[in-house]
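Heads up, the thing below is written out as structure tokens.
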Amino acid sequence: RLNVSKASIRAPFSGVVISKKIEQGAYASAGTSVVEMIGSSHLKAVLEMPQSYRKKLKNLQGVEFRVRNFDLKFKYGKELSKNIRVIPDANIYSGNIKVQIDLPKPNALLFPGVNLEAVMQFGTRKNVLHIPSIALVISDKGTVVYIMKNKSAHLVPVKAFKERNDYVEIEDFTHQLGPKVDLILRGSGAVFPGASVFPTNLSPEAKPPFSAASKKPDTDKELAETPKT
């Protein structure tokens, strides 16, 4: 029993063995390297994100990590505010900042240097307005859309955000848009405030999305459709 206890090796810290330095059955003296390991008790994830997300971190509700190499997924949702730190120095090329998130009690498969992906959950946003991308016009007055009012084109300034699946998120800061408003889609880039327009094809069949590159200037005959909600 005494001899067996002398042969037992205990690491001074928790970690993961990444390589062995000696073969089984070989003789080892004091100071001989047996294994190489790295600590796992204080792992942290380093993420890169746009600076615009920095203020949103206070609303962070959870983070889901994925390590493709190990087909591993895990989540952290509690006490994130205590485990997250922002590195204020932005990347000079991308403008992105780095965020460090401590990983308490990490999975045994994790070790420093492994690549991971993260999905940050900021909660559900309400009353988010999306419009078809072809309705958005970039003019000398900024980002605008046109609606039909009294059979004439009426300019509505908006603030545009991300685009996805042919729809773009906007902020209607003048509060002129709504489910019952006729939004001008096709030909929106050719109209101007006060131009005569009329609705047509109110129940269109499914067709490919209109391409902004094929718009033809025609201020006399513009097309307006009621946006879907």
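Residue numbers for the sequence shown follow the UniProt record's numbering, beginning at 1 and rising by one. Note that the Cβ used here is the ideal one computed from N, Cα and C, for glycine as well.
Contacting residues, own chain, Cβ-Cβ under 8 Å from residue i (five flanking each side not counted)
i      : result
Lys75  : Gly62, Val63, Glu64, Phe65
Glu163 : Ser133, Glu169
Cross-strand partners of residue i (DSSP beta bridge)
i           : result
Gly142      : Ser139
Tyr76       : Val63
Ser152      : Lys149, Ser196
Tyr167      : Pro132, Arg164
Ser19       : Glu36
residue 230 : Here the chain comprises residues numbered 1 to 229, so residue 230 is not present and cannot be evaluated.
Neighbour-count burial assignment, residue i, 16 or more Cβ in a 10 Å radius
i      : result
Ser33  : exposed
Tyr146 : buried
Gly142 : exposed
Val168 : buried
Val99  : buried
Ser214 : Confidence in Ser214 is poor, its pLDDT being 41 and thus under 50, which makes the residue's placement unreliable; the coordinate value appears in the next sentence. By the neighbour-count rule (16 or more Cβ atoms within 10 Å), Ser214 is not buried but exposed.
Ile9   : exposed
Arg125 : exposed
Val191 : buried
Distance CB(residue i)-CB(residue j) smaller than 8 Å
i      : j      : result
Ala153 : Val181 : no
Arg54  : Ile97  : yes
Ile84  : Ile101 : yes
Ser133 : Asp166 : yes
Met148 : Pro179 : no
Leu72  : Leu47  : no
Cβ neighbours of residue i in the same chain (closer than 6 Å, five flanking residues each side left out)
i           : result
Glu171      : Lys159
residue 239 : Coverage of the chain is limited to positions 1 through 229, which leaves residue 239 absent and any answer about it impossible.
Ser19       : Glu36
Best match in the options for proximity to residue i [C-alpha to C-alpha]
i      : options                       : result
Pro157 : Pro199, Ile138, Ala28, Lys58  : Ile138
Ile184 : Arg164, Val144, Ser19, Lys105 : Val144
Lys105 : Gly194, Lys78, Leu60          : Lys78
Glu117 : Lys151, Lys44, Ala90          : Lys44
Thr174 : Gln24, Val191, Leu155, Ala190 : Leu155
Close-in-space but distant-in-sequence residues of the same chain around residue i (CB under 7 Å, 5 per side omitted)
i      : result
Met49  : Asn96, Ile97, Val99
Val128 : Glu169
Ala11  : Met37
Ala28  : Ile22, Val34
C-beta neighbour in chain D for residue i, strict 8 Å
i     : result
Ser81 : Of the protein chains in this structure there is only one, and it is not chain D.
Closer than 7 Å: residue i CB and nearest the ligand GTP heavy atom
i     : result
Ser81 : Inclusion of the ligand GTP in the displayed structure is not the case, the ligand content being empty and no account of it being possible.
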